[in-house]
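**Student:** Mind looking over this structure? Questions follow.
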Amino acid sequence: MDHKKLEALLHDMSLKEKIGQVFQISGQLLVEDAAAMGPMQEMGVTKEDLALAGTVLGVTGAERIQNIQKEYMEQHPHHIPLIFMLDVINGYRTVYPIPLAQGASFQPELSKECARMAAREAAAAGLHVTFSPMTDLVRDARWGRVMESTGEDVYLNGLFAKAMTQGYQGDGLAGAETLGACVKHFAGYGAPDAGRDYNTVQLTERTFREYYLPAYQAAVDAKVALVMTSFNTVNDIPATVNKTLMRDILRKEMGFDGVLISDFGAIGETIAHGLSSDRADAARRALEAGVDIDMMSGAYPEKLEQLIREGQVKEELLDEAVMRILELKNKLGLFENPYKGADAEKEEQVILCPENRALARKAAEQSFVLLKNDGDFLPLKKEEKIAFIGPYVNRKQLLGGWSFLGDAADTVTVEEAAREMASDWSITFAQGCQVLDPETRLVGFGNDQETCGSPDDQQALWEEACDAAREADKVVLFLGEHFLQTGEAASRGVLELPQVQQRLLEEISSINPQVAVVLFNGRPLDLRLVNEHSQAILEAWMPGTEGGPALVRVLTGGSEPVGRLPMSFPYCVGQVPVHYDEFPTGRPYHEPDQNRFLSKYLDIPNRPLYPFGYGLGYTAFAVSKVRLDKQEMTADETITASVTVQNVGHRTGTDVIQLYLHDVSASVVRPVKQLKGYQRVTLEPGQETQVSFEISEEMLRFYTADGTWASEPGVFEVMIGESSAVEQKAEFLLR
Ligand code: GLC
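Count along the sequence shown starting at 1, add 83, and that's the number in the numbering used here.
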């Protein structure tokens with residue numbers, strides 16, 4: 084539909100119709116007799132409001148969506164189609180690794196492929212928009228939603244934000260196999276005080292702009308269709324009603340011209356924040372801040388009509404919001420085809436098809452990070468007698484907390500995969516214990532509470548595991564968090580494995596010290612005990628539907644682990660927030676300096692247990708000193724920095740060679756290093772290659788003391804290595 088017709092449509096709509104467009108309802112209000120249900124009364128929403136709503140959250144299924152769309156449009160005064168939106172975060176039904184695991188792959192192009200696959204499945208099931216990518220920068224492992232991010236690095240997050248947006252949106256929003264993407268949560272949601280979800284965010288302007296905004300900008304530059312507001316405050320004003328943030332920064336400075344949707348109930352929550360005085364005030368402030376869609380607070384449908392009729396809010400602001408929603412519907416092609424990609428037959432064909440499972444398996448394999456491998460414990464050898472022990476040996480819930488569209492029943496467990504793929508190996512299986520301690524209670528979206536069985540059952544599991552360890556040459560322990568221990572509203576003050584699993588680790592390693600641990604978790608954990616009682620540690624995150632087969636292939640040497648940490652693993656929770664790109668301070672501590680008066684702890688090291696960018700493979704590499712092709716450059720020149728990389732191990736392997744820069748002296752303090760590029764290299768044993776990076780003046784820019792985005796002349800250090808722990812450096816001068 085051309086823009087003039089959209090304007091004519093807008094002009095023709097009643098005030099109530101326009102208010103309907105800016106309200107998103109959840110599916111259950113549509114399909115059950117919600118009037119009788121609490122939500123509608125609580126939200127002050129009438130049946131008429133429902134009939135005029137513009138978008139729907141949480142309905143899937145081609146037939147169901149087609150029926151709702153048909154009924155809805157028939158009764159709508161202008162027959163305007165609904166947009167169906169939902170959280171397709173790491174897959175629709177074929178679930179691939181959680182975003183933090185994807186970050187570990189250091190392969191945004193792989194995430195783009197996964198997003199394409201998710202869009203193909205979800206679009207066939209009738210969905211139009213996904214609330215992804217989540218690109219909040221994260222430095223605090225206590226925050227459960229780190230699992231939804233691609234990590235602590237601003238450069239890496241930007242690459243993934245762009246790739247995922249392009250993956251979902253493909254070559255056009257009207258496509259039958261694309262989804263509109265929605266970058267979230269704008270902005271700075273990943274930095275809550277004390278790592279406690281929904282808590283206050285306190286960031287300096289410079290930190291906010293230099294670390295937290297760039298990845299959202301990358302999504303906006305990739306033409307992301309929507310942005311979602313965040314629950315937190317920015318400069319002490321809730322983001323959802325923060326006019327400066329939304330109108331001046333997001334729309335004017337960053338150039339976003341799509342639809343801005345609130346997070347779930349966030350408009351109404353500005354009252355609890357202590358900012359809005361009541362729901363009318365909240366509705367007014369949100370519309371004035373430029374929020375186009377009210378997701379389920381009900382403040383817009385309940386209060387906007389009166390506010391506009393009484394002249395407390397300009398109708399033009401409503402018209403502006405409605406026009407952006409109509410334009411989105413138009414870009415999605417819904418006026419021409421309200422059913423877009425919905426196709427029950429195709430839904431049946433594409434969901435969980437072999438190629439989708441194969442991609443999910445590849446993404447899982449590429450996300451694993453080998454943290455420790457003493458004595459080349461891994462890969463396992465066929466002639467060894469091996470025991471697979473732990474609650475994740477036969478567990479199907481490997482999908483992560485934002486995969487309610489997936490079905491754990493589709494998952495191939497580690498045991499199932501091993502029995503099929505390594506049937507001629509000598510592997511025994513024992514669960515050993517449950518995931519959680521008996522007294523732990525977790526509330527999820529459904530009644531996910533798992534039973535731990537009777538004490539006799541637990542004793543039987545325990546003894547079976549001890550026997551298996553006794554009989555084996557090597558043990559692989561499969562341990563981890565419960566999927567409900569990470570994700571939204573899952574902050575933790577203690578970052579250890581459940582006690583029962585820690586006891587199992589200690590018991591098994593006392594019986595047989597030849598232990599490797601495979602971890603299933605959605606956040607960096609305190610791995611001191613795991614480190615103490617194991618020869619090898621493989622981080623598997625929440626690997627998705629095909630996590631089992633992917634792990635068996637890597638553990639048996641069919642492929643090697645190539646992941647690198649996208650987020651630092653702290654020595655313990657006392658170190659958090661910990662991140663590699665910290666400032667030097669006036670009293671930098673370099674181990675093992677004994678001077679008391681330095682920036683350090685009395686009782687723990689400064690260094691994380693495992694740093695950003697770190698990961699091992701099944702071979703070893705040597706990286707030479709950095710060579711620069713010149714010692715100084717002007718702003719319009721570049722410098723080439725090179726290293727020689729050699730595979731000094733015994734099997735072909737892949738390494739991630741990372742470029743870090745440090746501005747030694749500037750008008751504001753600068754991080755000790757920042758990732759500015761990386762290259763993945765695969766080499767045969769003995770083979771060597773040159774890895775070169777071109778350093779441009781643009782890479783040296785930052786927010787200077789007077790707030791301009793610029794570089795400053797001076798000395799820069801160049802570090803090139805296999806993780807952020809790299810120390811050897813070369814210097815150049817920017818004139
Ligand atoms: C949730 C989350 C957000 C999600 C939305 C819709 O509260 O904060 O990430 O997209 O609601 O499910």
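Built from N, CA and C at the ideal position, the CB exists for glycine as well.
(1) Going by DSSP, what residue range makes up the alpha helix (DSSP H) through C549?
(2) Return the chain-ordered ranges of every alpha helix (DSSP H) run that is complete within the segment 414-441 and spans a minimum of 4 residues.
(3) Thinking Q542 and C516 are a contact (beta carbons under 8 angstroms), I'd like their distance in whole angstroms, please.
(4) Just the residues with CB closer than 5 angstroms to a heavy atom of the ligand GLC, in chain order, which are they?
(5) Are the beta-carbon atoms belonging to G424 and G103 less than 9 angstroms from one another?
(6) Pull the bridge partners of D746 from the DSSP assignment, please.
(7) The alpha helix (DSSP H) that contains F243, what's its start and end?
(8) Should I591 and V583 be called a contact, given that it needs their Cβ atoms to be closer than 9 angstroms?
(9) Could you name each continuous beta strand (DSSP E) segment of 3 residues or more that falls completely within the segment 731-780, going from the start of the chain to the end?
(10) Less than 9 angstroms between the beta carbons of A447 and A201, yes or no?
(11) Do we get a CB-CB distance below 9 angstroms when we pair P596 with the residues of chain D?
(12) What's the call for R670, buried or exposed, on a 16-neighbour Cβ count within 10 Å?
(13) Since I believe S682 is in contact with T668 (beta carbons under 8 angstroms), could you give me their beta-carbon distance rounded to a whole number of angstroms?
(14) Look at A724 and S775 and say whether their C-beta atoms are less than 9 angstroms apart.
(15) Considering only the alpha carbon of each residue, which of R478, C655, A705 and D712 lies closest to N689?
(16) Any idea what DSSP makes of S806, helix, strand or coil?
(17) Which whole-angstrom value describes the C-beta separation of L183 and V229, a residue pair presumed to lie in contact below a C-beta threshold of 8 angstroms?
(18) Roughly how many angstroms separate the alpha carbons of S194 and G250, rounded to a whole number?
(19) In terms of alpha-carbon separation, which member of K306, A703, D664 and G576 lies closest to G227?
(20) Could you check if H162 is buried or exposed, using at least 16 other CB atoms within 10 Å of its CB as the buried criterion?
(21) Use the C-beta contact count for W485: other C-beta atoms within 10 angstroms, 16 or more gives buried, fewer gives exposed.
(22) Closest to E438 by CA distance: which of Y179, A619 and E720 is it?
(23) I believe Y663 touches S506 by the beta-carbon criterion, under 8 angstroms. Please report the beta-carbon distance rounded to the nearest angstrom.
(24) Would you call the CB atoms of A270 and F291 closer than 9 angstroms?
(25) So P216 and V266 are in contact, right, with Cβ under 8 angstroms, and what is the actual spacing, rounded?
(26) Bridge partners of W792, per DSSP?
(27) So, with DSSP's three-state summary, where would you put Q597?
(28) Suppose you measure from the CA of L358 to the CA of G273; what does that come to, to the nearest Å?
(29) Is R647 helix, strand or coil by DSSP?
(30) When you compare each of L93, Q585, L816 and V739 to V809 by their alpha carbons, which one comes out closest?
(31) Taking the alpha carbon of A301 as the reference point, which residue from H268, K245 and G255 has its own alpha carbon closest?
(32) If you measure between the beta carbons of I469 and A548, is that distance less than 9 angstroms?
(33) Which one or two residues does DSSP pair with T312 in a beta bridge?
(34) Taking the beta strand (DSSP E) that G563 belongs to, which residues open and close that run?
(35) How do the segment 489-498 and the segment 614-634 stand: do at least 3 beta-carbon pairs fall below 8 angstroms, yes or no?
(36) Between A623 and L602, which are expected to be in contact by the criterion C-beta below 8 angstroms, what is the C-beta distance as a whole number of angstroms?
**Tutor:** In terms of the structure at hand:
(1) P538 to E554
(2) 427-433
(3) Wrong, their Cβ atoms sit about 10 angstroms apart, outside the cutoff.
(4) D170, F214, D346 and F347
(5) no
(6) F799
(7) V237 to Q252
(8) no
(9) 736-746, 757-766 and 771-779
(10) no
(11) Within the model displayed, chain D is absent; a lone protein chain is all it includes.
(12) exposed
(13) 4 angstroms
(14) yes
(15) C655
(16) coil
(17) 6 angstroms
(18) 8 angstroms
(19) G576
(20) exposed
(21) buried
(22) Y179
(23) Wrong, their Cβ atoms sit about 43 angstroms apart, outside the cutoff.
(24) yes
(25) 6 angstroms
(26) Y786
(27) coil
(28) 21 angstroms
(29) coil
(30) V739
(31) K245
(32) no
(33) F269
(34) K557 to G563
(35) yes
(36) 6 angstroms
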